[in-house]
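Here the structure is laid out as structure tokens; the discussion comes afterwards.
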Amino acid sequence: MKIAIASDHAGFELKNKLKEYIEKKGNLVKDFGSYTNEAVDYPDYGHPLAEAVEKKEYDLGISICGTGNGINMTVNKHQKIRSALCWNVEIAELARKHNNANICALPARFISEEMAISIVDTFLSTSFDGGRHAIRINKIPNNSV
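Here this note's numbering runs 164 ahead of the position in the sequence shown, where the first position is 1.
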């Protein structure tokens with residue numbers, strides 16, 4: 165798979181560990197930054213990540229900030245993005261199965277590295293169920309913009 169990943173300063177260390185882990189599993193990973201743990205603004209990294217996933221240049225994305233909320237809000241501003249804030253495995257699984265989430269947002273300050281790996285494994289390996297869920301997914305985009 166081709167995976168896009170981005171973080172702000174709070175997610176920098178976790179992003180680097182996840183990037184290495186995802187690559188070791190045989191996936192191609194594009195790092196959209198940040199490239200330091202110096203304070204940065206998550207939209208500067210979230211928007212390019214979302215654009216790349218939206219254009220289908222990457223299969224899925226992983227976004228990380230301190231709480232996961234800020235970068236999740238940012239990427240969800242893009243019409244073709246369905247990002248889910250995931251803090252455990254069950255949320256990640258249901259985000260893929262029921263919501264066809266294409267970006268997983270992680271709260272770096274609130275989950276362990278081990279939990280993050282489990283969430284990412286689940287997110288990347290779970291397929292969309294389709295069916296009745298597809299009807300709902302098709303109603304998400306705001307067609308008035």
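The beta carbon of each residue, even a glycine, is placed where N, CA and C say it ideally should be.
Asked, Found
"Might you give, ordered along the chain, the residues of its own chain that have their beta carbon closer than 6 Å to the beta carbon of cysteine 229, omitting 5 neighbours on each side?", "Asp172, Ala174, Gly175, Tyr206, Ile235"
"So, glycine 210 versus serine 198, is the Cβ gap smaller than 8 Å?", "no"
"Could you give the first and the last residue of the continuous alpha helix (DSSP H) run that contains lysine 181?", "176-188"
"Would you call the region 261-276 and the region 237-250 touching, i.e. three or more CB-CB distances under 8 Å?", "yes"
"Does DSSP classify proline 305 as helix, strand or coil?", "coil"
"Indicate whether isoleucine 167 and lysine 179 have their beta-carbon atoms separated by less than 8 Å.", "no"
"Beta strand (DSSP E) containing lysine 241: first to last residue?", "From DSSP, lysine 241 is part of no beta strand (DSSP E); its letter is neither H nor E."
"Count the other C-beta atoms from every protein chain shown that fall within 10 angstroms of the C-beta of alanine 298, then say buried if there are 16 or more, exposed otherwise.", "exposed"
"Taking valine 160 and alanine 203 to be in contact with their CB atoms under 8 Å, please state how far apart those CB atoms are, rounded to whole angstroms.", "There is simply no residue 160 to check, as the chain begins at 165 and stops at 309 in what is shown."
"Per the DSSP calculation, valine 193 is bridged to which residue(s)?", "Ile167"
"Which residues does DSSP pair with leucine 258 in a beta bridge?", "DSSP output for leucine 258 lists no bridge partner at all."
"For isoleucine 226, name the three-state secondary structure that DSSP assigns.", "strand"
"How big is the Cα-Cα spacing for glycine 225 and valine 217?", "7 Å"
"Would the beta-carbon of phenylalanine 292 fall within 8 Å of that of alanine 256?", "no"
"Round the Cβ separation of lysine 261 and threonine 290 to the nearest angstrom and send it over; I've been treating them as touching at under 8 Å.", "6 Å"
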